[in-house]
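If you read the sequence shown in the numbering used here, its first letter stands for residue 282, the second for the next number, and so on.
For every residue, glycine included, the Cβ atom is placed at its ideal position computed from N, Cα and C.
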Amino acid sequence: MAQTALLYLISAATFLLIDSLGIKLLIRPVFERHVGALLAEPLRLGPAAVFYLAYVAGLLWFVSLPALRAGAPLQALAGGMVLGLLCYGTYEMTNYATLRDWSMQQVVVDGLWGMALTGFAAWAGVAVLSAKLA
């Protein structure tokens, strides 16, 4: 239980720190260009917190815990990338299919971001905890 909690904390901290930079420097400028009038000011932190807490829990369940049991941080990286592409891709492709001003640039940038971010957060959690256990 303590091991799972530590894995969650490492993964969540990695995800939040990197995503906060990515949103500011990469994602927000693209979204402002295409759907800026739709963006909430200020950002609604409550729904964002719910997403992050649940997403990282799902990441552990589907990717990180199996990779940790296998002692395979690269498995966590690959599995996290797949999960990130599926989750962020679902959001992006649904918006692209249903929202007039959604752009292919948003689909590509945010989809690749979610893939890389999720993979890295899963890898970081498993790698740090594996090193601590070794």
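- Within the stretch 337-377, the complete alpha helix (DSSP H) segments of 4 residues or longer fall at 346-351, listed in chain order.
- Residue state for M385 is assigned as helix, using DSSP reduced to three classes.
- Non-local C-beta neighbours of G370 in its own chain, meaning closer than 6 angstroms and more than five positions away in sequence, comprise G392, ordered along the chain.
- With a cutoff of 8 angstroms on beta-carbon distance, P354 and S411 are scored as near each other.
- If you ignore the 5 residues before and after G339, its C-beta comes within less than 6 angstroms of no other C-beta in its own chain.
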